[in-house]
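Participant: The sequence shown begins at 19 in this note's numbering and counts up by one.
The C-beta atom is built at its ideal place from N, Cα and C for all residues, glycine as well.
These numbers come from a predicted model, not from an experiment.
Quick one: structure below, then a few questions.
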Amino acid sequence: MVNFPPLHPLNPPPLPTFFQNSSDIVDCKLKLILGLIWTLILNYSISMPMWEGEDQVAPGEKGPSPKQRLLHWIQSKLPDLPITNFTNDWNDGRAVGALVDSVAAGLCPDWPDWVPADALKNATEAMNLADNWLGVPQLITPDEMVNPNCDEQSMMTYLSQYPNCKIKPSAPLRPRTNSAKVRCYGPGVEPSGPVVGAPTHFTIETFSAGKGKVEAFLRTPDGQTETLECKFNNDRNLTYTCKYTPQCEGDFMVIVKFSGREIPKSPFRVNVSGFAGDPSKVTASGPGLEPEGVTINRPTYFDIFTKDAGRGTPEVIILDPAGHKNTVPVKVRQLSDGVYRCEYVASGIGLHSINIFFAGQSIPGSPYGVKVSPVSDARRVRASGRGLQPNGVRVRDAADFRVYTEGAGEGNVEVKVIGPGGSHETVKTKQIDDYTWEYVYQPKKEGRYIVMVSYGGQEIPKSPFEVNIGPYKETRIRAYGPGLKGGVVGYPALFTVETNGEAGGLGECQAGGLGFSIEGPSQAKIECNDNGDGSADVRYYPTVQGEYALHILCNNEDIPGSPYIANILPNTDYYPELVKCSGPGLEKNGVVSGRPAEFQVDTRQAGDAPLDVTVIDANYQPIKLEAKDNKNGIYDFSYRPTRGNKHTIQVNYGGVSTENSPYRVFVSEPSDPGAVKVFGPGVERGVKSNSPTHFNIDCREAGPGEVQIALTNAQGQDIPIDIQDNRDGTFTVEYLTASPGDHRVTVLYAGAEIPQSPIVVPVQSNVDVTKVKVDGLEPTAPINSLQQFRVITQDAGRADFAVSITSPSGMRVRAHVVPTHEGYLVNFTPTELGQYLLSIQFGGQPISSTPYRFTCTPKGSADAVRAWGPGLEGGVVCRPAEFVIDTRSAGQGGLGVTVEGPCEAAINCRDNGDGTCAVAYLPTEPGHYTVNITFNEQHIHGSPFHSYIAHDQDIKQIRVTGNGIQPHGIPPHPSCCVTPTPDLT
19 MVNFPPLHPL
29 NPPPLPTFFQ
39 NSSDIVDCKL
49 KLILGLIWTL
59 ILNYSISMPM
69 WEGEDQVAPG
79 EKGPSPKQRL
89 LHWIQSKLPD
99 LPITNFTNDW
109 NDGRAVGALV
119 DSVAAGLCPD
129 WPDWVPADAL
139 KNATEAMNLA
149 DNWLGVPQLI
159 TPDEMVNPNC
169 DEQSMMTYLS
179 QYPNCKIKPS
189 APLRPRTNSA
199 KVRCYGPGVE
209 PSGPVVGAPT
219 HFTIETFSAG
229 KGKVEAFLRT
239 PDGQTETLEC
249 KFNNDRNLTY
259 TCKYTPQCEG
269 DFMVIVKFSG
279 REIPKSPFRV
289 NVSGFAGDPS
299 KVTASGPGLE
309 PEGVTINRPT
319 YFDIFTKDAG
329 RGTPEVIILD
339 PAGHKNTVPV
349 KVRQLSDGVY
359 RCEYVASGIG
369 LHSINIFFAG
379 QSIPGSPYGV
389 KVSPVSDARR
399 VRASGRGLQP
409 NGVRVRDAAD
419 FRVYTEGAGE
429 GNVEVKVIGP
439 GGSHETVKTK
449 QIDDYTWEYV
459 YQPKKEGRYI
469 VMVSYGGQEI
479 PKSPFEVNIG
489 PYKETRIRAY
499 GPGLKGGVVG
509 YPALFTVETN
519 GEAGGLGECQ
529 AGGLGFSIEG
539 PSQAKIECND
549 NGDGSADVRY
559 YPTVQGEYAL
569 HILCNNEDIP
579 GSPYIANILP
589 NTDYYPELVK
599 CSGPGLEKNG
609 VVSGRPAEFQ
619 VDTRQAGDAP
629 LDVTVIDANY
639 QPIKLEAKDN
649 KNGIYDFSYR
659 PTRGNKHTIQ
669 VNYGGVSTEN
679 SPYRVFVSEP
689 SDPGAVKVFG
699 PGVERGVKSN
709 SPTHFNIDCR
719 EAGPGEVQIA
729 LTNAQGQDIP
739 IDIQDNRDGT
749 FTVEYLTASP
759 GDHRVTVLYA
769 GAEIPQSPIV
779 VPVQSNVDVT
789 KVKVDGLEPT
799 APINSLQQFR
809 VITQDAGRAD
819 FAVSITSPSG
829 MRVRAHVVPT
839 HEGYLVNFTP
849 TELGQYLLSI
859 QFGGQPISST
869 PYRFTCTPKG
879 SADAVRAWGP
889 GLEGGVVCRP
899 AEFVIDTRSA
909 GQGGLGVTVE
919 GPCEAAINCR
929 DNGDGTCAVA
939 YLPTEPGHYT
949 VNITFNEQHI
959 HGSPFHSYIA
969 HDQDIKQIRV
979 TGNGIQPHGI
989 PPHPSCCVTP
999 TPDLT
């Protein structure tokens, strides 16, 4: 009978409706009645109880089915058996025996020794024990359980009683022991090796045998039996160590028992012969004895040499850093006479002690100290820093980066920097801590550098790093602020950029002025705020912690010092936005040079974090700051500016800029800006673009103060200026502007704008386009041919140059413009037939009232080219063979002439200037020659031409006579010279 637990009256489990009405039961419909009974069992016996170790299902969540719940519980009780069903996994009877012993440990301890062939016997013994001592009735018989066709529902019903069963008092619990699983090993149980008078030992391992008494006995050759002491080592293998010292030669017997039964191979027969050898003559060496180099979980070895040491067997015991001697198993085997090899695998790191014995005594040098190191994993090493960024580093920069090896195991970091041409750069190394190294190299030339970082002989992730080194550059742009070094996730990271008149504009941080880009673990939104004074506050919003590279660009190039590396920390429990700053020392105006300026910082509501406050002047030099900690979260600060100019105060909390920071304070001095005078040609009419000019500033009557000058063009862009201090209270300002239009000169003195400022300066163009010349522009050109012409501007002044080419279809044609010493060289290729228009401007003005025109024609025809002359038919050796080529009717094209024959004949071509070309070639050997003439890579009419070059006559056959060649001169009367020559025809 199955006992159902009581139902909860308000929440009964739902039952399916199998019946139309009660008449189905009265009519004895067996299938429906059995279905009802199984539903009751499933819902009230299997589903309802909450078993020990079972996870609670949250309200509203769908839990596992009753079948799954029961199977999961059984699997948790029998982790060593593959139980996956309620049928054939139970047929051998071992599973139910294991379940009984799992529910009541010791009730059925022998089930691991059961044989599957005795299935019925196994099931009967286990089910009887459960019925008698656990109160689990046999709802099915053992025969039904071992039947391959056993009913699944019946098995589930029977097994569902085990989760809630209780063991009865006085149940016959027995410890689980198995002497067959005891192992015994060591030199003391080997058939040979022990010697008289030398201690020897052996080890008994009981890890898999359960609990039981360990006993060892030694029977001597004369029949006496001694009891050996078994010392428990208290290690994870549950081992015991036994020692004995044989006192005579002969056969000894070692008997080992566990729980009163002899273990396998007991008794062990040991032959003892001779006397102990001399351990002082034993040596050992090998990688396993080296102080460094042994790695965790990797096999190693060393050899023991016992030649001339006498009788004895080597023994090795390895102690781990905790002093345990059984955590590192060793294997000693004989390689040859007098040579033994010891192999071991260390499972832990740290200093191990290797003890080597011979004939029971330590050998010289034993014990050996060996440091076991973890396996190095280069994949867990990371490197970062400015010196590894692809772009931004320049010549003469200190390119630094760091390598982090924490968690990567033991290994050596190796860094190589290879510069242009394969040169190896010098790298300086500094160890920061146990896992961090800093490296610095200083590139000497621009180009592509390769930085290779390896750990333990393996390259780390992302190595090699490719770094493009830019040229050395100086800049007046300055960047500062906490956001260049770090920040916190969830807060804006702020930094400030001061252009000092160098960048083209700050308004929208566009190309041509300043630009910013950020690379890191996440995309970071960037906000740029133009302060209107040549500076910009930039905020970016990182969403993930990690290292970010901040690129500050001017005209699409990193400024010197960029990129900056910022380390973003995870969100913490402090609140920089709640820091309050106040005081006259933070006000924009009112601070006077030489007088203390005070302010206060209140962090009481912001949590615990480091406070960082700095003050810098207009030259970015730090100003001494006095601080007082009031011990209540309020800090008082005071600084004394030394000169009148803009000062910047930064208040950062936990690496984050506080609200309204940085503060810009304009320090004034007791001075009179109204007494400053500005005069000179640079602030008057007549200034021309691209022409240097200057103006003067006289501050001699204005008192102490600093002059600040800004010059902007008509587009609002800063124009570089050169200020010369004349050391007498006057200044000379030189500048050169490239564009015409109204320029604005702003002059500040002692932090205040002078009354004369701003001064508007009309700048006129300084270009005479009538002196611009165009040379080499042909009226016609063949299609797809490279055209080139010069624009000579050297006498027209300095200005911007622009050329615009329009094709017959109205499309713009790309032209390549190359500056030269006399002007510009323009290259382009026409790709359409028809008329092209060329517009050339210099200084924004066209150099001609109408555009230049040229016509693109088809390529010339080889059939229209003609060639004639004796050189196409024959000639004489060493005499020029001449002919003429006429291309006047062929149009544009390329002309080619080659001569093939017994020798390489030199060819000379002369352009006659009328569309014809005179050609001569010089054959040096007789024979048949072939003359190839091509036009646009096609043979002309008649080509190739074949000519025969004949022998010249032998010059030795020529005789010269007459008074005209006598050595005494020419007589006073006419003379003649006779040269008989053979017939040359």
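Leaving out five residues before and five after glycine 368 in sequence, what residues of the same chain have Cβ atoms less than 8 Å from its Cβ?
Facilitator: Correct list, in chain order: Asp338, Pro339, Lys389, Val390.
Participant: In the DSSP assignment, find the beta strand (DSSP E) that holds histidine 569 and state where it starts and stops.
Facilitator: Start and end: 564-572.
Participant: Histidine 370 bridges to which residues according to DSSP?
Facilitator: According to DSSP, histidine 370 bridges with Val388.
Participant: Quick check on DSSP: helix, strand or coil for glutamine 528?
Facilitator: Its pLDDT being 42, under 50, glutamine 528 is placed unreliably by the model, and the measurement read from it follows with that caveat. Coil, per DSSP.
Participant: For the alpha helix (DSSP H) that contains glycine 115, what are its first and last residues?
Facilitator: Start and end: 112-121.
Participant: Following the continuous beta strand (DSSP E) through asparagine 670, name the residue where it begins and the one where it ends.
Facilitator: Where asparagine 670 is concerned, the enclosing beta strand (DSSP E) stretches over 664-671.
Participant: Going by the CB atoms, is the gap between alanine 364 and valine 393 shorter than 8 Å?
Facilitator: No, these two residues do not count as a Cβ contact at 8 Å.
Participant: For asparagine 663, does the count of other Cβ atoms within 10 angstroms reach 16, so buried, or fall short, so exposed?
Facilitator: So asparagine 663 ends up on the buried side.
Participant: How is aspartate 972 classed by DSSP in three states: helix, strand or coil?
Facilitator: Its pLDDT being 45, under 50, aspartate 972 is placed unreliably by the model, and the measurement read from it follows with that caveat. Of the three classes helix, strand and coil, the one that applies to aspartate 972 here is coil, per DSSP.
Participant: Below 8 Å on the Cβ atoms is my contact criterion, and I expect isoleucine 374 with isoleucine 322 to pass it. Report the Cβ-Cβ distance as a whole number of Å.
Facilitator: About 6 Å separates the two Cβ atoms, so the contact holds.
Participant: Hey, could you find the ends of the alpha helix (DSSP H) valine 683 is sitting in?
Facilitator: Note, valine 683: premise wrong, no alpha helix (DSSP H); beta strand (DSSP E) at 681-684.
Participant: How is valine 514 classed by DSSP in three states: helix, strand or coil?
Facilitator: One detail in the question is off: residue 514 reads as threonine in this sequence, not valine. Residue state, collapsed to three classes: strand.
Participant: In the DSSP output, which residue or residues are listed as bridge partners for leucine 643?
Facilitator: Bridge partners of leucine 643: Tyr657.
Participant: Going by DSSP in three states, threonine 142 sits in which element: helix, strand or coil?
Facilitator: Correct three-state label for threonine 142: helix.
Participant: In three-state DSSP terms, what is aspartate 881?
Facilitator: Three-state DSSP puts aspartate 881 in a helix.
Participant: Between which two residues does the beta strand (DSSP E) carrying aspartate 321 extend?
Facilitator: 318-323 is the extent of the beta strand (DSSP E) around aspartate 321.
Participant: Find the nearest neighbour of tyrosine 203 within the set Thr847, Ala234, Ala189, judged by alpha-carbon distance.
Facilitator: Nearest of Thr847, Ala234, Ala189 to tyrosine 203, Cα basis: Ala234.
Participant: Go through the segment 217-305 residue by residue and report every complete run of the beta strand (DSSP E) that reaches 3 residues or more, in order.
Facilitator: Those beta strand (DSSP E) runs which fall completely within the segment 217-305 and span 3+ residues are 218-223, 232-237, 243-246, 248-250, 257-262, 268-276, 286-290, 301-303.
Participant: Using the C-alpha atoms, what's the distance from threonine 811 back to arginine 871?
Facilitator: Each residue's Cα considered, the two are about 20 Å apart.
Participant: Return the Cβ separation of glycine 672 and threonine 590 in integer angstroms, given the expectation that the two are a contact with Cβ distance under 8 Å.
Facilitator: Their Cβ separation, rounded to whole angstroms, is 7 Å, which keeps glycine 672 and threonine 590 in contact under 8 Å.
Participant: In angstroms, rounded to a whole number, what distance separates the CA positions of phenylalanine 963 and threonine 875?
Facilitator: Those two C-alpha atoms are separated by around 30 Å.
Participant: Kindly indicate the opening and closing residues of the alpha helix (DSSP H) around leucine 89.
Facilitator: 84-95 is the extent of the alpha helix (DSSP H) around leucine 89.
Participant: Just to confirm, are leucine 125 and tryptophan 151 a CB contact at a threshold of 8 Å?
Facilitator: Yes.
Participant: What are the boundary residues of the beta strand (DSSP E) that leucine 766 is part of?
Facilitator: It spans 759-767 - the beta strand (DSSP E) in which leucine 766 sits, taken as one unbroken run.
Participant: Assuming contact is defined by CB atoms lying nearer than 8 Å, are cysteine 921 and proline 941 in contact in what I supplied?
Facilitator: It is a contact, given that the beta carbons lie within the stated cut-off.
Participant: Where does tryptophan 129 land, buried or exposed, given buried means 16+ other C-beta within 10 angstroms?
Facilitator: Buried.
Participant: To the nearest angstrom, how far is it from the Cα of arginine 661 to the Cα of aspartate 635?
Facilitator: The alpha-carbon atoms of arginine 661 and aspartate 635 are separated by roughly 9 Å.
Participant: Check the C-beta distance from lysine 199 over to alanine 216 and give it rounded, since I have them as a contact under 8 Å.
Facilitator: Not a contact, Cβ separation roughly 31 Å.
Participant: Specify the secondary structure class of glycine 893 as computed by DSSP and reduced to three states.
Facilitator: Strand, per DSSP.
Participant: Below 8 Å on the Cβ atoms is my guess for valine 809 versus valine 792; work out the distance and round it to an integer in Å.
Facilitator: So it is a contact: roughly 6 Å between Cβ atoms.
Participant: Return the Cβ separation of proline 510 and tyrosine 558 in integer angstroms, given the expectation that the two are a contact with Cβ distance under 8 Å.
Facilitator: The Cβ separation is near 7 Å, so the contact holds.
Participant: Thinking just about the alpha-carbon of each residue, which of Glu616, Ala396, Pro461 is nearest to the one in glycine 475?
Facilitator: The candidate whose alpha carbon is nearest that of glycine 475 is Ala396.
Participant: Count the other C-beta atoms from every protein chain shown that fall within 10 angstroms of the C-beta of valine 835, then say buried if there are 16 or more, exposed otherwise.
Facilitator: Valine 835 comes out exposed.
Participant: To the nearest angstrom, how far is it from the Cα of glutamine 171 to the Cα of tryptophan 56?
Facilitator: Near 8 Å, if we compare the C-alpha coordinates of tryptophan 56 and glutamine 171.
Participant: Answer yes if the segment 267-274 comes into contact with the segment 305-317, meaning at least three C-beta pairs across the two stretches below 8 Å, and no otherwise.
Facilitator: As far as the Cβ criterion goes, the segment 305-317 does not touch the segment 267-274, which means the pair count is below three.
Participant: Have a look at leucine 604 and alanine 814 and give me their C-alpha separation to the nearest angstrom.
Facilitator: Going from the Cα of leucine 604 to the Cα of alanine 814 covers about 54 Å.
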